[in-house]
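Q: Numbering (UniProt numbering), first residue to last: 1 to 314. Cβ atoms here follow ideal geometry from the backbone N, Cα and C, with glycine treated the same way. One structure, as structure tokens, below. Some questions next.
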Ligand code: BDR
Ligand code: CA
């Protein structure tokens, strides 16, 4: 089994990702850490516990993390995910307590154990990178417990929060820049599962409504119904769930290696991920110096990942 940690701002599509990670037999979900993003941290925590309960995984430790980005104020995406972040579903909310540790402390502890046992962890951030930046700045040695980081965020093409920037990076650009810089300094492999592939793993309403027989299946159906309502379509993208699919089945994802920077200023482009597709000699002679080179997702086998998700959450 592959050890993983999810960092989430649950969120309808984070919920799709959690159901998959909690139930897939090839993954060992060590912990889930929460950060303010789509909605405020209290709703994020409650939604995360609720989804894990529905998945039959009340054993997974869940920790509360940063409520706000490093520098700028928090901005919600309730217009995408509903006021409570989970589509205001008629679904019983968990009352289970969280782990007493802060998210950063839980991450550090799990990664320290991973380093000791040699079972390195794949970290899957699906939210603003605030917790991860705090972790790598406070405890850089935690990187020794990481196999890789596969994050949802950014785009080589257009944005969604703004024309230029994807929501997770736009919400906390400084955190994203810190994580990319730390990955370079600490030698951590990074894959960016961005908007270029994010919308391409679609579950139809017909497929979703055929799910039944467990609380996980029922919740999964409701999540897809809400996602399809939002995009006024006869199906819904599993969004963040695709990044978990990519960890389970990497051969369904096409990536290319590129240097990537985060725009921290700019009137209209703050939070943009600048994916450098120039040839090697132009990159080597860049007067701005070297960026962090990462794997950038360019295409996904959406049908295969949708089937993987359906088979796991049902
Ligand atoms: C990302 O932002 C959030 O709204 C989603 O949960 C996803 O992580 C997409 O831009
Ligand atoms: Ca998210």
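#1: I believe residue 136 touches residue 127 by the beta-carbon criterion, under 8 Å. Please report the beta-carbon distance rounded to the nearest angstrom.
#2: Helix, strand or coil for residue 278 per DSSP?
#3: Is the CB-CB distance between residue 16 and residue 248 below 8 Å?
#4: If residue 164 sits next to residue 268, beta carbons under 8 Å apart, how far is it from one beta carbon to the other, in whole angstroms?
#5: Taking all protein chains shown into account, decide if residue 271 is buried (16 or more other Cβ within 10 angstroms of its Cβ) or exposed.
#6: If you run the structure through DSSP and keep just helix, strand and coil, what is residue 10?
#7: Could you name the residues that DSSP lists as bridge partners for residue 64?
#8: Using only alpha-carbon positions, find the residue among 50, 101, 141 that is nearest to residue 116.
#9: Nearest CA to the CA of residue 34: which residue from 87, 95, 88, 125?
#10: In terms of residues, what are the limits of the alpha helix (DSSP H) holding residue 207?
#11: Do you know offhand how far residue 303's Cα is from residue 287's?
#12: So for residue 179, helix, strand or coil by DSSP?
#13: Which class does residue 19 belong to by DSSP, given the choice of helix, strand or coil?
#14: Apart from the five residues on each side of it in sequence, which residues of its chain come closer than 6 Å, Cβ to Cβ, to residue 28?
#15: Which of the three DSSP states is assigned to residue 238 in this structure?
#16: Can you give the Cα-Cα distance for residue 94 and residue 227, rounded to whole angstroms?
#17: Can you give me the C-alpha to C-alpha distance between residue 166 and residue 209, rounded to a whole angstrom?
#18: Rounded to whole angstroms, what's the CA-CA distance from residue 62 to residue 43? Just pull it up for me.
#19: CB residue 31 to CB residue 120, shorter than 8 Å?
#20: Please classify residue 250: does DSSP put it in a helix, a strand, or coil?
#21: How big is the Cα-Cα spacing for residue 84 and residue 72?
#22: State yes or no: is the C-beta of residue 172 nearer than 7 Å to some heavy atom of ligand 2?
#23: Hey, residue 236 and residue 197: beta-carbon distance below 8 Å or not?
#24: Under the DSSP definition of a beta bridge, which residues are partnered with residue 124?
#25: Give the DSSP bridge partners of residue 193, in chain order.
#26: According to the Cβ coordinates, are residue 169 and residue 262 closer than 8 Å?
A: According to the data block:
#1: Rounded, the Cβ-Cβ distance is 15 Å, inconsistent with contact.
#2: coil
#3: no
#4: 6 Å
#5: buried
#6: coil
#7: 34
#8: 141
#9: 125
#10: 205-209
#11: 42 Å
#12: helix
#13: helix
#14: 1, 3
#15: coil
#16: 22 Å
#17: 30 Å
#18: 13 Å
#19: no
#20: helix
#21: 22 Å
#22: no
#23: no
#24: 6
#25: 152
#26: yes
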